[in-house]
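Be aware that the sequence shown starts at 1, since it is given in the numbering used here, and climbs by one per residue.
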Amino acid sequence: MTTWTNWAGNVQAEVTVAAPATVTELQRMVRGAADRGQHVKPIGAGHSFTSIGVTDGVQLRLDRLSGIVRADRETGLVTVLAGTRLYALNEALWHLGLSMTNLGDIDLQTISGAISTGTHGTGGNLGGLATQVRALELVLADGSSLTCSTDENPEIFAAARVGLGALGVIATVTLHCEPAFALAAAEAPASLDDVLTDLDTNVLGNDHFEFYWFPHTRRVLTKRNNRVLPDTELRPLGPLRRWLDDDFLSNTVFDRINRLTTRRPTLIPRANSFAAHALTARDYIDRSYRVFASSRTVRFREMEYAVPRAAVPQVLAGIEGYLERSGEQIGFPVEVRFAAADDIWLSTAHGRTTGYIAVHQYHRRNHESYFRAVEAIAKDVGGRPHWGKLHYRDAESLRGTYDKLDDFIAVRDKLDPNRMFGNAYLARVLSA
Ligand SMILES: Cc1cc2nc3c(=O)[nH]c(=O)nc-3n(C[C@H](O)[C@H](O)[C@H](O)COP(=O)(O)OP(=O)(O)OC[C@H]3O[C@@H](n4cnc5c(N)ncnc54)[C@H](O)[C@@H]3O)c2cc1C
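So, in structure tokens, the structure goes:
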């Protein structure tokens, strides 16, 4: 047995590790575990904050199932092995003249882990990573293999793109990619009121718009990333500026500030004001995946709620009101992103235009009162929690906001009646 810990350090499990090198070996391992009556759980990069990836049985590490199986530049269809890390995928795609349409803010996750929890970036006209999936090859609880797409097993496809690791082990993912593109990034400080007043224009007038609100201030940092024409010359950040902003200020200095304010929380409002002013405007043009992803070395805990886009100002006002009333001091900016509605059953953007509000807490500080308060505010507007980030909801409370939850459970009953891929988290959010 080996002790496994997730990235945030808040979830541990004693597991038996198995690391298949081929899909056939993966099928054999799943069959073997079924014969022994063991639970099985594939794990990606362990970047989920929830215990969604925990098992008391066999942990399938898919690092050896990595790389592109086939790619068609004409159609943009690319089939990749399940354990492929996003950073490796992005680089390989670029050399094929292709790019992912949208990405989140880091690139360490595996493609399967990312889609399974509904990982997303930002873009008012774009969906999360799972909306780029065109087919999945699954290894089921008996070790057999099943392919699903909109033409083949469409119900399973609607469920499995954001499948929470509950339906089977994804062996390959077929993605629809686009001709490689670069992004012009424009980052600038602004006032929260200005951003909220022009919210729709900001969201719909940019390919990718997001902002970070510094609690206890009325300041935000805005990020607008827009596609440039194919022959535009790249103007990446110089190594010094990148190091200063992304490594030194956003990680090293930020960590020191967090250590200090953990001892003296009353300094947080001043620290936030300092941070809001220290991050100055910058513009650059780079390969899309380099603009999307940054490095995060400061450990934190996170909760993220998907709410109707129109409710974003109300939720932020609710959080501000809670902080004022409670006197709680929060040193991490609140990240606000956007997505178009999609048709994936358990996608947090299913059927509605979405705003995402993510709250963070330094790993040495208690997050619970803050997260529970934000959850109550988001729940009031029909909020849906990110499946990979901390929350306190169960199936009963989620049913009201996911009209396809019971259809998902029916697919699960068919594919995994004995709950070989089950764990305590899934029992909570899917009711046993
Ligand atoms: C620093 C940081 C930044 C983040 N940024 C973002 C962001 O910008 N946007 C966002 O939406 N989220 C973000 N997240 C959350 C993260 O993207 C998700 O939690 C994602 O699921 C992590 O991918 P992973 O490969 O680590 O999966 P894991 O956490 O290892 O696994 C997640 C789930 O996927 C299942 N799974 C893994 N592989 C398979 C497979 N082959 N078949 C079936 N199921 C499988 C696991 O069993 C588990 O249930 C961030 C997390 C961190 C720590």
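Note that beta-carbon positions come from the ideal geometry of N, C-alpha and C, so glycine has one too.
Remember, predicted model here, so these are calculated numbers, not experimental data.
Check                                                                                                                                                               : Outcome
Note down, in chain order, each residue of its chain lying with its Cβ closer than 7 Å to the Cβ of Asn90, except the 5 sequence neighbours on either side.         : Met100, Asp107 and Tyr289
Pair every Cβ in the region 419-426 with every Cβ in the region 44-63, then say whether three or more of these pairs are closer than 8 Å.                           : yes
Are the CB atoms of Val80 and Val173 nearer to each other than 9 Å?                                                                                                 : yes
Assuming contact is defined by CB atoms lying nearer than 9 Å, are Ala166 and Asp416 in contact in what I supplied?                                                 : yes
Since Ile257 contacts Val315 with CB under 8 Å, what's their CB separation in whole angstroms?                                                                      : Incorrect: roughly 26 Å between the Cβ atoms, too far for contact.
Do Ala130 and Ile344 count as a contact pair if the criterion is CB distance below 9 Å?                                                                             : yes
Taking the alpha-carbon positions, what's the Leu136 to Ala82 distance?                                                                                             : 9 Å
Using the three-state DSSP reduction, which class does Ile319 fall into: helix, strand or coil?                                                                     : helix
Leaving out the 5 sequence neighbours to the left and right, which residues in its chain are closer than 8 Å to Ser369 when beta-carbon positions are compared?     : Ser326 and Glu328
For Asp56 versus Val23, is the C-beta distance shorter than 9 Å?                                                                                                    : no
Any idea if Gly127 is buried or exposed, counting beta-carbon neighbours within 10 angstroms, 16 or more meaning buried?                                            : buried
Given Tyr322, which residues of its chain have a CB within under 6 Å of its CB, disregarding the five upstream and five downstream residues?                        : Ala373
How big is the Cα-Cα spacing for Phe371 and Thr5?                                                                                                                   : 22 Å
Grab the span of the beta strand (DSSP E) containing Trp7 for me, first residue to last.                                                                            : Here Trp7 belongs to no beta strand (DSSP E), and DSSP marks it neither H nor E.
Checking the sheet assignment: what are the DSSP bridge partners for Ala395?                                                                                        : Ala395 is not bridged to any residue.
Could you please give the first and the last residue of the uninterrupted alpha helix (DSSP H) stretch that includes Gly113?                                        : Ile111 to Ser116
DSSP puts Pro308 in a beta bridge; with which residues?                                                                                                             : Thr354
By the three-class DSSP mapping on this structure, what secondary structure does Phe292 have?                                                                       : helix
Please classify Leu229 as buried or exposed, where buried requires at least 16 neighbouring CB atoms within 10 angstroms.                                           : exposed
Can you tell me which residues form a DSSP beta bridge with Arg148?                                                                                                 : One point to set straight first is that residue 148 is Cys, not Arg, in the sequence displayed. Leu136, per the DSSP bridge assignment.
Is the beta carbon of Ser66 within less than 8 Å of some heavy atom of ligand 1?                                                                                    : no
Using 9 Å as the threshold, is the C-beta distance between Arg384 and Thr348 below it?                                                                              : yes
Following the continuous alpha helix (DSSP H) through Lys434, name the residue where it begins and the one where it ends.                                           : The requested residue 434 is not part of the displayed model; the chain covers only 1 to 432.
Start and end of the alpha helix (DSSP H) containing Trp94?                                                                                                         : Leu86 to His95
Would DSSP call Val195 helix, strand or coil?                                                                                                                       : helix
Check whether the region 404-411 and the region 56-68 touch, using three or more Cβ-Cβ pairs below 8 Å as the test.                                                 : no
In chain order, what residues of the same chain have a beta carbon less than 6 Å from the beta carbon of Arg282, not counting five sequence neighbours either side? : Glu187
Does Asp231 come out as helix, strand or coil in the three-state DSSP assignment?                                                                                   : coil
Return the Cβ separation of Ala340 and Gly124 in integer angstroms, given the expectation that the two are a contact with Cβ distance under 8 Å.                    : 6 Å
Leaving out five residues before and five after Leu196 in sequence, what residues of the same chain have Cβ atoms less than 6 Å from its Cβ?                        : Pro313
How big is the Cα-Cα spacing for Glu210 and Val253?                                                                                                                 : 23 Å
Classify Tyr370 as helix, strand or coil using the three-state DSSP reduction.                                                                                      : helix
Skipping 5 residues on each side, what residues in its chain have a beta carbon closer than 7 Å to that of Trp213?                                                  : Leu192, Val220, Leu316, Pro333, Val334 and Val336
Comparing alpha-carbon positions, which option in Pro42, Ala376 and Thr401 lies nearest Gly168?                                                                     : Pro42
Between the C-alpha atoms of Lys379 and Tyr402, what's the straight-line distance to the nearest angstrom?                                                          : 13 Å
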